[in-house]
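Q: Attaching a single structure in structure tokens format; questions to follow.
There are 4 protein chains.
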Amino acid sequence: MIDSAWASFYNDNVMYLGEVMIIYSRENEISTDSQNKRQQILEAAYVVFSRKGFHRATVDEIIALADTGKGTVYNYFVNKEQLFYTLIKERSTPFEQILSEIAKTGLPPLDKIRAMVKVFLQFYSDNADLWRVLMHELRGLGSEGYSSFSEEQQEKYQQRFRDTIGLLQVVFQEGITQGVIRECDTNRVAYGLFSVIVMMVFQHLVGDDVEATANEITSVFFYGVGQ
Amino acid sequence: MIDSAWASFYNDNVMYLGEVMIIYSRENEISTDSQNKRQQILEAAYVVFSRKGFHRATVDEIIALADTGKGTVYNYFVNKEQLFYTLIKERSTPFEQILSEIAKTGLPPLDKIRAMVKVFLQFYSDNADLWRVLMHELRGLGSEGYSSFSEEQQEKYQQRFRDTIGLLQVVFQEGITQGVIRECDTNRVAYGLFSVIVMMVFQHLVGDDVEATANEITSVFFYGVGQ
Amino acid sequence: MIDSAWASFYNDNVMYLGEVMIIYSRENEISTDSQNKRQQILEAAYVVFSRKGFHRATVDEIIALADTGKGTVYNYFVNKEQLFYTLIKERSTPFEQILSEIAKTGLPPLDKIRAMVKVFLQFYSDNADLWRVLMHELRGLGSEGYSSFSEEQQEKYQQRFRDTIGLLQVVFQEGITQGVIRECDTNRVAYGLFSVIVMMVFQHLVGDDVEATANEITSVFFYGVGQ
Amino acid sequence: MIDSAWASFYNDNVMYLGEVMIIYSRENEISTDSQNKRQQILEAAYVVFSRKGFHRATVDEIIALADTGKGTVYNYFVNKEQLFYTLIKERSTPFEQILSEIAKTGLPPLDKIRAMVKVFLQFYSDNADLWRVLMHELRGLGSEGYSSFSEEQQEKYQQRFRDTIGLLQVVFQEGITQGVIRECDTNRVAYGLFSVIVMMVFQHLVGDDVEATANEITSVFFYGVGQ
DNA sequence: GATGAATGAGTATTCATTCAT
DNA sequence: TATGAATGAATACTCATTCAT
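These protein sequence lines map, in sequence, to chains X, Y, H and G. Note that the first sequence ends on residue 229 in my numbering; no numbers are left out. Note that the second sequence ends on residue 229 in my numbering; no numbers are left out. Note that the third sequence ends on residue 229 in my numbering; no numbers are left out. Note that the fourth sequence ends on residue 229 in my numbering; no numbers are left out.
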């Protein structure tokens, strides 16, 4: 069975797509001693932001957890906002890299989508709390702005999302070209698929078997729920 | 054509589903003189909350627009949070009523779903700004809480959403029973459909012809994008 | 003797120039009950600013002395800077009015200057502490700005000083026209006279007899220290 | 003409008063290699303090300009305050020496004053920015202290000013004794003259021809503006 | 019922100084 | 000597809510 053949494996640095091994590097992987405090702060920030959200997370709480002085935070990060952004960037970069790798393989479009959905589910499940916070802040898109983030920063995040969803869209287009997907508005479909993934994660509807959930989502998108 | 037969019409108080007219009442519809101030406040609050979000909307701005005193707000509403809730409740009640009415009709499940999707799209499009704000605040679900809302209040909102999505789920179940929809996790599917609707609205992917968009969404859900 | 004829009297509201009585009004003179807190804050601010300077004066200290809440300060004044400005404005307005009145009288230029110098000495002696603070902040004139004040606010203050010194200049010009003062750069002379007045006050070189000091300063300016 | 005979010349190390050449030494003039960093820091500090004032000048900015490490600053100077003081002291010492030399010459008092006024004007014009900053900080004299300087440090500066102005006072007294200046409060007159000099410099009222301005100031002080 | 003056809790950021290497 | 990572004290301002009139 093709489906079962996809015994892929995912961790922070390597991902197997069948026999194809995709390796990706992480920024700041090597923590020199001088980067010690920086890492402590990032880890503490991850915890506090995840728990409290951006606005209600206080720098005081972060430094208490990081066991560092307040000034140290500002030696490494220009402000609270950029500290949060660093957290997001460092985590999403390898994720975006994998998605991009998958999109570039020669796999059939349906298999690509299935693989990508799985990566999405896995990544958002792993980082649910922090991404929930991020999306919370990004809801202000287009409105006069009720986010805690600056306009420029928001735009950066939005662009990351657009790029990521764009990867899905390209594969859908590929499917149409190859005749395995019917003519449709690929932008809408990509956003639709993305929204379902996010909803499954945030509503805790992803089972322990991520692959099964990915297959189900993909299946509904391809074949519908109709009999 | 059955589809084209669905020339439904929607306004604040009446909705036509083909020939069936569904009438629903609104709370506080009759503004006695003494309810005058209350209405002015609600209307001003709608504008300010929609524009600024919950956190950044100030009571000062609301009373300036409502042309009333600050104390008056607290005569009618226990606090800013409950003022917001009242706004949501008054607007969603008729909407939920219509959905409920549709669910109760004897229409085939697929037609029900299609009609419901259309009502969803129409309602969220009409109230996009305020509901964006609401959903912004509800992202905190489950976490220690980074919402501006109290736990209790959040639960109330969540319950409304669950009930509404539950209506979709029931119809999916109906479809399975009637053999027009294949076996699936109706809860997941209902949430999936809901998430797509919301995403389309908030990403401005709903065209001028709401019915067409509703049909497209429904179509993908039933028949998939596969060839 | 003309000099001794100048038995002028100065208090907050009335000034006698020989037989001529000059009356001037003060803003906010009538403290209604509702202006009570405002006055308390202004009085406390006067004390704290005089004692600590602008930068080192804290709002906390002001409210402690005014026996009021922090928010109340911000109900009456947009910020600390504008609170300070209000203090200066309310005090300098009557002072500037008197100077202006003197400049408009038909007195001989030398007598005008003498009278004005006296008013200057009296006013700056009465308000030495606060004006020392003001001038402290204004020293940044022209430089990239090391004042605590905003550019706009600084310009307002500077303009007040320029206008005031301008009154002296006009009288000097008058004296030249009338042939009692020799041709000279009236701008420089006016600034020179002003600087001497300020220096006398801030170095505590003004004796108890303000009139005598005024006469001495005027005398040196008119006749020099030469034998 | 005696006046025109005073073709004095002023630079950092030598000053000519007519035929009399006054030479003065500078501290730390010889920069050994080990004094290299110290000089770099002083020069950078001069620039930054002049531009930003004492409070807004940061050690970070100074070390960036001096191309040195932060700790190095504290190897040579106990703190920011003493760094500033060193700057002032090194620059004012030769200036005070010249004034002192002039005061000691056998010139007539009026000529001495005229020469001293010129030196004052020249020196403060050359160092306007830094001295503006110094005087900015010294305004706190006598008050609880709103200066960035410590009480002790302020007293040191004040003493320098007092000593310098004292030189003027001595010459005035000399003039009185010699009968060329009328009886007057020499302390007040010296401070008055000093204040005029400073005001002229800071208000940019000193023309290109410093000597002419010096003559004009002296002239007004001796003969008055009266006709 | 309507009003609005009074209140105070809550928080990000800067920068001089230290001290281990 | 030279360095620079780590530190923490210090402070203005907003805005929902109350309550006396």
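Yeah, the Cβ is synthetic: ideal placement off N, Cα and C, and Gly gets one too.
Whose C-beta lies closer than 7 Å to the C-beta of T215/X among residues of the same chain, with five residues either side of it excluded?
A: As a working note, residue 215/X is residue 213 in the first sequence. Here the set comprises L123, M202, V208, G209.
Q: Between the region 179 to 201 of chain G and chain H, which residues of the former have a C-beta closer than 8 Å to a C-beta of the latter?
A: G181, V182, I183, R184, C186, D187, N189, R190, V191, Y193, G194, F196, S197, V198, V200, M201
Q: Is the separation between the beta-carbon of D131/Y and that of S52/Y shorter than 8 Å?
A: Here residue 131/Y refers to the residue found at position 129 when the second sequence is read from its first residue. Here residue 52/Y refers to the residue found at position 50 when the second sequence is read from its first residue. Yes, they are a contact pair.
Q: Taking the alpha-carbon positions, what's the R40/X to A117/Y distance?
A: Walking along the first sequence from the start, residue 40/X turns up at place 38. Walking along the second sequence from the start, residue 117/Y turns up at place 115. Each residue's Cα considered, the two are about 54 Å apart.
Q: Taking the alpha helix (DSSP H) that N38/G belongs to, which residues open and close that run?
A: Numbered from its first residue, the fourth sequence carries residue 38/G at position 36. Taken as a continuous stretch (DSSP letters only), the alpha helix (DSSP H) holding N38/G covers 38 to 58.
Q: Measuring CA to CA, which of V222/X, I90/X, G73/X, G108/X is closest to G194/X?
A: Looking up residue 194/X in the first sequence gives position 192. Of the listed residues, the one whose Cα sits closest to G194/X is V222/X.
Q: To the nearest angstrom, report how far apart I178/G and E103/H are at their CA atoms.
A: The residue labelled residue 178/G in the question sits at position 176 within the fourth sequence. The residue labelled residue 103/H in the question sits at position 101 within the third sequence. Those two C-alpha atoms are separated by around 39 Å.
Q: DSSP puts I1/X in a beta bridge; with which residues?
A: Lying outside 3 to 229, the shown extent of chain X, residue 1/X is not represented and no answer is given.
Q: Drop a sphere of 10 angstroms on the beta-carbon of D113/G, count the other beta-carbons inside from all chains shown, and report buried for 16 or more, exposed for fewer.
A: On the fourth sequence, residue 113/G is found 111 positions in, with the first residue counted as 1. Buried, by the Cβ-count rule.
Q: Identify whether H206/H lies in helix, strand or coil by the three-state DSSP scheme.
A: Sequence index remark: in the third sequence, residue 206/H carries index 204 (1-based). Residue state, collapsed to three classes: coil.
Q: For G168/G, which residues in chain H fall below 7 Å Cβ to Cβ?
A: The residue given as residue 168/G occupies position 166 in the fourth sequence. Simply none; closest approach about 13 Å.
Q: If I measure Cβ to Cβ from V200/G and keep anything under 7 Å in the same chain, skipping five residues before and after, which residues do I get?
A: Taking the first residue of the fourth sequence as 1, we reach residue 200/G at position 198. Cβ neighbours of V200/G beyond the five flanking positions: Y126.
Q: Please report the residue range of the alpha helix (DSSP H) in which G73/X lies.
A: Within the first sequence, numbered from 1, the residue matching residue 73/X stands at position 71. Run containing G73/X: 72 to 78, per the alpha helix (DSSP H) assignment.
Q: When you compare each of S150/G, E45/G, K72/G, G226/G to E92/G by their alpha carbons, which one comes out closest?
A: Against the fourth sequence, residue 92/G aligns to sequence position 90. It is E45/G.
Q: If you pair each beta-carbon of the region 79 to 91 of chain G with each one of the region 171 to 190 of chain G, do three or more pairs fall below 8 Å?
A: no
Q: If we call anything under 8 Å between Cβ atoms a contact, is A68/G one with I43/G?
A: Residue numbering aside, residue 68/G sits at position 66 when the fourth sequence is read from its first letter. Residue numbering aside, residue 43/G sits at position 41 when the fourth sequence is read from its first letter. Yes. Within cutoff.
Q: Hey, does Q205/G have any beta-carbon neighbour from chain H nearer than 8 Å?
A: The sequence position of residue 205/G within the fourth sequence is 203, counting from 1. Yes - at least one Cβ of chain H is within 8 Å of the one on Q205/G.
Q: Report buried or exposed for V50/H, applying the criterion of at least 16 other Cβ atoms within 10 angstroms of its Cβ.
A: Within the third sequence, residue 50/H is the residue found at index 48, counting from 1. Counting other Cβ atoms within 10 Å of its Cβ, V50/H reaches 16 or more and is therefore classed as buried.
Q: DSSP on S221/G, reduced to helix/strand/coil?
A: Your numbering for residue 221/G matches position 219 in the fourth sequence. If DSSP states are grouped into helix, strand and coil, S221/G belongs with the helices.
Q: Less than 8 Å separating the beta-carbons of V61/H and A105/H?
A: In the third sequence, the residue the question calls residue 61/H occupies position 59. In the third sequence, the residue the question calls residue 105/H occupies position 103. No, the pair does not count as a contact, with Cβ atoms beyond the cut-off.
Q: Quick check: what's the CA-CA separation for T220/Y versus N77/H?
A: Taking the first residue of the second sequence as position 1, residue 220/Y is located at position 218. Taking the first residue of the third sequence as position 1, residue 77/H is located at position 75. If you take the alpha carbons of T220/Y and N77/H, they lie about 55 Å apart.
Q: Could you tell me the boundaries of the alpha helix (DSSP H) in which L123/H lies?
A: Taking the first residue of the third sequence as position 1, residue 123/H is located at position 121. Where L123/H is concerned, the enclosing alpha helix (DSSP H) starts and stops at 111 to 128.
Q: Do you know how far the Cα of T70/H is from the Cα of V227/G?
A: Within the fourth sequence, numbered from 1, the residue matching residue 227/G stands at position 225. Within the third sequence, numbered from 1, the residue matching residue 70/H stands at position 68. Taking the straight line joining both Cα atoms gives about 53 Å.
Q: Could you name the residues of the same chain whose beta carbon sits closer than 7 Å to that of T166/H, not counting the 5 residues immediately before and after it, in chain order?
A: Here residue 166/H corresponds to residue number 164 of the third sequence, with the count starting at 1. Cβ within range, chain order: E98, L101.
Q: Buried or exposed, going by whether 16 or more other CB atoms sit within 10 Å of the CB of A156/Y?
A: Within the second sequence, numbered from 1, the residue matching residue 156/Y stands at position 154. With the sequence shown as reference, residue 156/Y is identified as Gln, and Ala is not the correct amino acid for it. Q156/Y should be labelled buried.
Q: Relative to chain G, which residues along the region 60 to 83 of chain H have a C-beta separation below 9 Å, given in chain order?
A: Cβ contacts with chain G come from no residue of the region 60 to 83 of chain H.
Q: Please list the partners that F223/H has in chain G, where partner means a Cβ-to-Cβ separation under 7 Å.
A: Walking along the third sequence from the start, residue 223/H turns up at place 221. Here the neighbours are G226, V227.
Q: For T166/H, which of helix, strand or coil comes out of DSSP?
A: Translated into positions along the third sequence, residue 166/H becomes position 164. Of the three classes helix, strand and coil, the one that applies to T166/H here is helix, per DSSP.
Q: How many Å lie between A192/H and E63/H at the Cα?
A: Counted from its first residue, the third sequence places residue 192/H at position 190. Counted from its first residue, the third sequence places residue 63/H at position 61. Rounded to the nearest angstrom, the two C-alpha atoms are 39 Å apart.
Q: Within a Cβ cutoff of 6 Å, which residues of the same chain sit near Y159/H, ignoring the five residues on either side of it in sequence?
A: Translated into the one-based positions of the third sequence, residue 159/H becomes position 157. Cβ neighbours of Y159/H beyond the five flanking positions: L140.
Q: With the cut-off set at 8 Å, would you say S94/G and R164/G are in Cβ contact?
A: Numbered from its first residue, the fourth sequence carries residue 94/G at position 92. Numbered from its first residue, the fourth sequence carries residue 164/G at position 162. Result no, Cβ atoms of S94/G and R164/G do not sit closer than 8 Å.
Q: Report the CB separation of G55/H from V121/H in whole angstroms; it is logged as a contact under 8 Å.
A: Counting from one through the third sequence, the residue named residue 55/H turns up at place 53. Counting from one through the third sequence, the residue named residue 121/H turns up at place 119. The beta carbons of G55/H and V121/H sit about 26 Å from each other, so the pair does not count as a contact at 8 Å.
Q: Note the first and the last residue of the continuous alpha helix (DSSP H) segment covering T107/H.
A: In the third sequence, counting from the first residue as 1, residue 107/H sits at position 105. Element bounds for T107/H: n/a, residue is neither H nor E.
Q: Just the Cα atoms here: how many angstroms apart are L89/X and V212/X?
A: Reading the first sequence from its first residue, position 87 is the one you call residue 89/X. Reading the first sequence from its first residue, position 210 is the one you call residue 212/X. Approximately 24 Å, taken between the alpha carbons.
Q: In three-state terms, what does DSSP make of F151/X?
A: Numbered from 1 along the first sequence, position 149 holds the residue referred to as residue 151/X. DSSP places F151/X in coil when its eight states are reduced to three.
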